[in-house]
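A short write-up of the structure that comes next.
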Amino acid sequence: MLGESYIRELMEKALRLSPADETEIVLEAHDSALTRFANNTIHQNVAEVNTEIAVRVVLGKRVGSAITNRLTQEALEKAIEEAVALARLQPENPEFPGLPEPQPIQPVAAFDEAVAGATPEWRARAVGAVCRLAESMGASAAGALSTGIYELAVANSRGVFAYHAGTEAHFTTVVMRDEGSGYAHRAAWRLADLDVETLGRSAIDKALRNQNPRPIEPGVYPVVLEPYAVDDILSWLGYAGAGALAVQEGRSWMNDRIGRPVMSPLVTIWDDGRDPAGLPLPFDFEGVPRQRVVIVEKGVPQSPVYDTMTAAREGRRSTGHALPRSRPQTASLGPIPLHLFMAPGEATLEEMIRQVDRGLYITRFWYTRLVHPRDCVLTGMTRDGVFWIEKGEIAYPVQNLRFTQGYVPALAQVRAVGKERWVLSEGFGFTCVPALLLEAFTFTGVTELPGR
Amino acid sequence: MKELLERALNAAQLRGASYADVRLVHRIEQSLLVRNGVVQGISQIEDMGFGVRVIADGAWGFASSARLTLEEAEQVAGRAVQIAKASALFKKEDVDIGPPVIQRGTYRTPVQIDPFTVPLEKKLEILLAADAAMRAVKGIAATEAEMVFIRERKIFASTEGSWIEQEIIESGCGIEALAVGPDEVQRRSYPNSVGRHQMTRGWEFIEECNLPGHAPRIAEEAVALLTADPCPDTVTTVILGGSQVALQIHESCGHPIELDRVLGTEAAYAGTSFLTPEKLGTFRYGSEVVNITADATLPGGLGTFGWDDEGVPAQRVDIVKEGLFVGYMTSRETARQLLRLLGPSPYVTGLSNGTMRASGWNRIPLIRMTNVNLLPGTWRLEDLIADTEEGIFMDTNRSWSIDDKRLNFQFGCEIAWEIKGGKLTRMLKNPIYTGITPEFWRSCDAVCNADHWVIWGTPNCGKGQPSQLAHTGHGAAPARFRNVRVFSRK
């Protein structure tokens, strides 16, 4: 871990070295490790220490950037020189609003010594317990357990200096037995919030119940979605349309829907990078404090999130959702919400199942891809546990289905929302989401393997 | 740097490693992006570090660092051994990587013009010209034009005595035009979608792509798509354009032949494979016109190199021969596992076919596609269309989704045309086709000839935890498939 005072000194030195009109330095440091297992044994075990410094310089309205992962004075000088040389070559960007001014940033505690101190032996024992349990049940576990420290600092020549150090731990497992499989995943910044063994047990239990799946016809069914599937819905709504650039270019699901009731009144979605219930990061990659932005309030789309550039276009202030600006491909995505929350309801999973006469219980979606942006239509597969619900009870497992479904119209069909929420990190950023009961969800295909 | 690598190997052995390798990687990536007539950014990324991979107590360990000092080399090697010993707490059997692989040599991507010697002004001039040509078309709402150039120098050394130095150079470019109607969004891309087409070639590749020359056409097509008829919902004959065939190969053949997936080590993330070992040499993957190779020696392919990241030489391997499934992509460890599982045969040698690659110094090598190619057939495209009484021609991928065993796929394209009486007729929007992998490839009855064959580059293939993006190539020509379910969905 580099620490705030070292990083501040390094960044101040870099700012002094720059001859540009304006300069921004973004430093990201990782010290992370991951233990990967499959077939009930550890097969990959890796560790990484890396620091990346991104320099963005401004000459008038010309912007250039360079990135290095070397911390020497020589490397910093070279990066600044390269950024300046690149900026000089560019035509002016008349839209460039300048680097942001400093704003007060309230720190958020998100550092856990237990995560920072997690050893390879601790990770091995934690996943080993899951593997042994799976083996004792005749199942095969695969997955990954990661722990790491992350530092982000942003400084610019207008006086911005923002620093955050956090920890993260993630666990994912897929447990397979014969034809069926189960899944569990969670993310946390506190180790105490990541109960690896309990998660492993839930995946094993799902795999054991998911045996001899029966065929099922594609069609429109009521569905109970576990939070894993809801994570996919929120992630795509955020990535593919809840950023201001997508709205400004007319390719967002929010276009023509802001202020109109288009989802169930049970649906409220917001982004909050400061809430310690998630994986907090109190400022964005321009050093602007993250605001809590309500994206959907009781079924009514409210507002996308903004960075400095998209905010300037509309004469408003950034909400603190800039992605790293120094990589053109990332910058071209515009601002994206990475800390998404959905308001909980009052139902338990069992209560939701009881409300379904004939329908499906879905564990998760897999390999979902955007088919059409304006309705946020996705196609993907179910995976790791689909069950038929008959007269309010789980009846038997069924085979996986392909779906093609607009996520906006899907959320118009919400009849109940779970009261428990899970913190998940399988999409873009993380989500904190409940289970949902939807009246209708469209499945468009099944899988049948032809013979030899 | 030689001292650093040797120090790492020595330290690993002293701490108990029975095998160690070290990769030192120095990568420079230059990106240029023009968006809506404005230079969105030009960046240069320099990334350097080393990773040490060891076997200790019969288990794998890996550690990496960007700090290039002798002390760090020792510490990282020690950390890798510590991690391996932790892995060994729950091992079932000792890792077996087979006989030693001792290689020494150098490889450099052959380029006519080093792209890093071309002035940025010239690069920007092309991007701005292409962008302006797209924006000149009425109805275009947003445009994007980009170039990427990569130079990766790496040294691989192992305790078995290998010392390999390589320099891989890549050049990539692409343009996109977005048209927005009252209730419709349409995108067209060139040469390929998802940003760009990329090859292990020099500046000459960018010049051949001629972005400004194709810009008006794709912008006009994007606008025309707004009012085109939707693709009908039917079962029909489909001819796929070359880049879409490349995507089809990547998803439905390239991934399921990765032997690590097959053996379950990617089960929790990327998934497994329907091409299970007992199918090797017996399973009819496609029709007799379907011949697929994995070829890391193909000049210009994005998956072309001298040696893989285990120090195994680049090779050309048969994967599907006249429709029969005959080969996997393997590593040193998985090749041995397959040998133990199936015993020796014409398809099982126990030796790696050289497909292990890591996305950088800080990642462990995995089995990655090299250039997985559908070999050319005999048809000219115009003859193939003329030979098709009724059907749909689809081109340029827009969306892709496939299940975790790589069987059930659904792919959308940017554009399609109806084929009637052997001619391309009306344009169709939002075309989607879906199928089951072997059923689909068995329905392939024609592949276009070498004149239409392009080695398409995929610079964004995700796999592994922590996530790795690999650069893969796919030689492909347009091909025809019968009885395909097609539809359109907004």
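As they're listed, the protein sequences go chains A and B.
Using the working numbering, you'd call the opening residue of the first sequence number 14 and step up by one each time.
Using the working numbering, you'd call the opening residue of the second sequence number 2 and step up by one each time.
Even for Gly, the Cβ is constructed at its ideal location relative to N, Cα and C.
Predicted model only: the values in this text are computed from it and were never measured.
query                                                                                                                      : result
Below-8 Å beta-carbon distance, B:Leu33 vs any chain A residue                                                             : yes
Any chain B beta carbon closer than 8 Å to A:Arg29                                                                         : no
Contacts of B:Leu484 in chain A (Cβ-Cβ under 7 Å)                                                                          : Note that residue 484 of chain B is Asn in the sequence shown, not Leu. By Cβ distance, chain A contributes nothing, its closest Cβ being about 13 Å from B:Asn484, past 7 Å.
Contacting residues, own chain, Cβ-Cβ under 8 Å from A:Val384 (five flanking each side not counted)                        : Val390, Leu391, Thr392, Thr417
Contact residues within the segment 46 to 57 of chain B, judged by C-beta distance below 7 Å to chain A                    : Ile46, Glu47, Asp48, Met49, Gly50
Counted within 10 angstroms of its Cβ, other Cβ atoms place B:Leu65 as buried (16 or more) or exposed                      : First, the residue type needs correcting, since residue 65 of chain B is Ser and not Leu in the sequence shown. B:Ser65 is buried by the Cβ-count criterion.
Closer than 8 Å to chain B by CB, A:Ser149                                                                                 : no
Buried versus exposed, by CB contacts within 10 Å (16 or more), B:Ile103                                                   : exposed
Under 7 Å by beta carbon: chain A residues contacting B:Asp309                                                             : Under the 7 Å cutoff, chain A gives no residues; its nearest Cβ is about 17 Å from B:Asp309.
Close beta carbons around A:Asn475, own chain, < 6 Å, minus the five adjacent residues each side                           : Residue 475 of chain A cannot be examined here, being either before or after the span of chain A that is shown, 14 to 465.
DSSP state of B:Leu5 mapped onto helix, strand, coil                                                                       : helix
C-alpha gap between A:Ile1 and A:Val39, whole angstroms                                                                    : Because chain A spans 14 through 465 in this model, residue 1 of chain A falls outside it and cannot be assessed.
Residues from the segment 63 to 87 of chain B in contact with chain A, defined by Cβ distance under 9 Å                    : Phe63, Ala64, Ser65, Ser66, Ala67, Arg68, Leu69, Glu73, Val77, Arg80, Ala81, Gln83, Ile84, Ala85, Lys86, Ala87
Residue from B:His475, B:Leu367, B:Gly50 whose Cα sits closest to the Cα of B:Ile293                                       : B:His475
Three-state class that DSSP yields for B:Thr495 in the structure shown                                                     : Any property of residue 495 of chain B remains undetermined from this structure, which presents chain B solely from 2 to 491.
Cross-chain neighbours of B:Ile433 in chain A, by beta carbon under 9 Å                                                    : Val384, Thr392, Thr417
Cutoff 6 Å; reference A:Gly172; Cβ partners in own chain excluding five residues on either side                            : Pro115
Collapsed DSSP secondary structure at B:Ile156 in the structure displayed                                                  : strand
Other residues of its chain near A:Val187: CB distance less than 8 Å, five sequence neighbours each side excluded          : Ala154, Ala155, Gly156, Ser194, Gly195, Tyr196, Ala216, Asp397
Near-chain D residues of the segment 409 to 428 of chain B (beta-carbon distance less than 8 Å), N- to C-terminal order    : You won't find chain D in this structure, because its protein chains are A and B.
Under 7 Å by beta carbon: chain B residues contacting A:Met189                                                             : Ala268
Pairwise C-alpha distance: A:Val313 and A:Gln270                                                                           : Correcting the residue identity first, residue 270 of chain A is Arg in this sequence and not Gln. The straight-line gap from Cα to Cα measures roughly 8 Å.
Neighbour-count burial assignment, B:Ala387, 16 or more Cβ in a 10 Å radius                                                : exposed
Rounded C-alpha distance that separates B:Thr305 from B:Glu153                                                             : 13 Å
N- and C-terminal bounds of the alpha helix (DSSP H) containing A:Gly251                                                   : 240 to 252
Under 8 Å from the C-beta of A:Asn413: neighbouring residues of chain B                                                    : Asp404, Asn409
Beta-bridge partners of B:Val39, as assigned by DSSP                                                                       : B:Arg36
C-beta contact flag for A:Gln103 and B:Ile43 at 8 Å                                                                        : yes
Alpha carbon of A:Ile55 to alpha carbon of B:Glu94, nearest angstrom                                                       : 11 Å
The beta strand (DSSP E) enclosing A:Tyr163, as first and last residue numbers                                             : 153 to 169
Residues near B:Ser489 by beta carbon distance below 8 Å, same chain, minus five either side                               : Pro231, Cys232, Pro233, Asp234, Leu429, Lys430, Asn431, Pro432, Ile433
Touch test, the segment 87 to 107 of chain A against the segment 20 to 38 of chain A, Cβ-Cβ under 8 Å, three pairs minimum : yes
Beta-carbon proximity list for B:Ala74, same chain, < 6 Å, skipping 5 on both sides                                        : Leu5, Arg8, Ala9
Pick from B:Ala477, B:Val195, B:Ser444, B:Lys464 that is closest to B:Ile456, judged by C-alpha positions                  : B:Ala477
Test item: CB-CB of B:Pro50 and B:Trp362 under 8 Å                                                                         : Correcting the residue type first, residue 50 of chain B is Gly in the shown sequence and not Pro. For B:Gly50 and B:Trp362, yes; Cβs fall inside 8 Å.
Option nearest B:Leu241 by Cα separation, candidates B:Pro111, B:Asn409, B:Met395                                          : B:Met395
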